[in-house]
Structures are given as C-alpha cells and as structure tokens.
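What the sequence shown shows, in our numbering, is residues 9 to 127, in sequence order. We put the CB at the ideal spot given by N, CA and C, even for glycine. Scroll down for the structure; my scribbles are underneath it.
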Amino acid sequence: VARLLAVVDSNGLQSDDHHSRVCNLEPLADRWRAFGWRVREADGHDPAALGEAFELPEAATGAPTVVLAHTVKGRGVSFMEGSPPWHGSVRLSDEDLRRALGELGAPPAEVERWLARDR
C-alpha cells in the first residue's frame, strides 16, 4: 500500500454546479489525511509540479499517497473556464468549437479541415 499513488482532479466542479454550493468537500486534504493517506498538492496544469508530487519518498511511511491536482475546468477557453454547464457532456456548435480551438492556439485551417471531416 505504501507505493499506492492516487490522483484527484480537484477542479471544484461537478456536473451541475460548484462543489461548494452542492456538497462541499473542503478541506479535501484533511479528509484524505483522516483516512490515513499522505497528501501532496500540486498545480494540475504544471507538468513539473505534478512530476515532483508523483515522486514517492524513499522512507515510505507505509501509507498510500494522494496527489490533489488543482485544476481549472476548461482552462484556456474563456467561455468555458470554471463554468459548470461546460463540465458535463455538451455538444459544441461549429462556431463555439472554432472559438474554443482558436483560443487554444489551433491553426484555423486545421480546425476547418477537422470540421469538414466530421460532416
């Protein structure tokens, strides 16, 4: 069990609203500790921070480890970022898809080629 590593995408959202308004899970780290887990926290958008959090210490305490990866749902897309309605399964219009992929840096020609293939 000492080598068990779990990762929680801690984005603060569930399918219909923010956790804090529906079923507040905070303080999440304390909840994991109460069950005997070692807790590490990291910016879930930072690969280096995640890599560091995933490294297990040489002198393991015998307890499993959980990494709370703090993320923002929809990060990088202005109209989706941190917005519960975009958390679940949503069908994007072509225009929303163009806008979202454009904000993420996708070349417009590739987006159009992809949209044409989907038809």
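Query	Result
Please tell me whether residue 22 and residue 30 are closer than 8 Å, where the distance is taken between their beta carbons.	yes
Flag this pair as touching only if the segment 101-121 and the segment 32-41 have three or more C-beta atom pairs under 8 Å; answer yes or no.	no
Just to confirm the assignment, what range does the alpha helix (DSSP H) spanning residue 13 have?	Careful: residue 13 lies outside any alpha helix (DSSP H), inside the beta strand (DSSP E) at 13-18.
Is it right to say residue 69 is buried, meaning 16 or more other beta carbons lie within 10 angstroms of its own, or is it exposed?	exposed
Measure the Cβ-Cβ separation of residue 37 and residue 58 and say whether it is below 8 Å.	no
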